[in-house]
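Encoded as structure tokens, the structure appears first; notes follow it.
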Amino acid sequence: DARVTQTPRHKVTEMGQEVTMRCQPILGHNTVFWYRQTMMQGLELLAYFRNRAPLDDSGMPKDRFSAEMPDATLATLKIQPSEPRDSAVYFCASGSQGTGKDFGPGTRLLVL
Amino acid sequence: RKEVEQDPGPFNVPEGATVAFNCTYSNSASQSFFWYRQDCRKEPKLLMSVYSSGNEDGRFTAQLNRASQYISLLIRDSKLSDSATYLCVATFGGAQKLVFGQGTRLTINP
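Those protein sequence lines, which keep their order, are chains Z and V. The numbering used here puts the first residue of the first sequence at 119, with every later residue one more than the last. The numbering used here puts the first residue of the second sequence at 22, with every later residue one more than the last.
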């Protein structure tokens, strides 16, 4: 059963440090999404890609967040510098056109 | 106004009851619709797609009303294992951008 994988699963860091989260989408899926979930805001779309090309990153704070897909098997989300308000669960999801999307297990980030 | 709106609940219902959730979406260009289920401290998982003609999967029935821009989910003969948060999703745009509602928390009581 193919799954989206994410690393690390948990990350605790100090304010100001760089955080890199990685995602391996399901082979053959051509869309990849990054979401952030908090109790207050729910699931917020940060960025998404189709065929590795970024389509929309308007949900992402541009000054500190960046998302890339260096190849079809890897998507990355970086925060530099991190802030306590970035503490959340970050989910990666992948899918094909017209279908529901499969989510990874998430990265739980705590910025102290 | 949020793009996808749901009643956050919580809904507390006895086992065996029928429960219904509604959801509205603001973008009339939305193309596809889904219900996801999320258990505590887990990732969202696709429960079912929602079609204009309505669709059923066992005890679950989903309906879409494009004219009124709302989506519904009906759970019949609810089980304890149905306790979760149910997320309504609408998509739009060429890349099927998924927009989630806030989720409706459901607890089934024995």
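Think of the CB as a built atom: it goes at the ideal place given N, C-alpha and C, for glycine as much as any other residue.
- Under the three-state reduction of DSSP, Z:Asp175 is assigned to coil, being neither helix nor strand.
- Pairing Z:Val150 with Z:Asn169, the inter-Cα distance amounts to about 8 Å.
- With a minimum length of 3 residues, the unbroken runs of beta strand (DSSP E) contained wholly in the segment 119–169 of chain Z fall at 123–125, 128–131, 137–142, 149–156 and 160–168.
- With fewer than 16 other beta carbons inside 10 angstroms of its own, Z:Lys180 counts as exposed.
- In this model, Z:Glu186 and V:Pro131 are separated by some 47 Å (Cα to Cα).
- Between Z:Lys219 and the set Z:Ser200, Z:Asp175, Z:His147 and Z:Tyr208, the nearest pair of CA atoms involves Z:His147.
- V:Thr125 and V:Thr112 do not touch by the CB rule: their CB atoms are close to 19 Å apart, not below 8 Å.
- In this chain, V:Lys63 is not harboured by any beta strand (DSSP E), its DSSP state being neither H nor E.
- Under DSSP, V:Asn33 takes part in a beta bridge, and its partners are V:Thr128.
- Between Z:Leu228 and Z:Ser205, the CB-CB gap stays under 8 Å.
- Using a Cβ-Cβ cut-off of 8 Å, Z:Leu228 does not count as an interface residue toward chain V, since no Cβ of chain V sits closer than that to its own.
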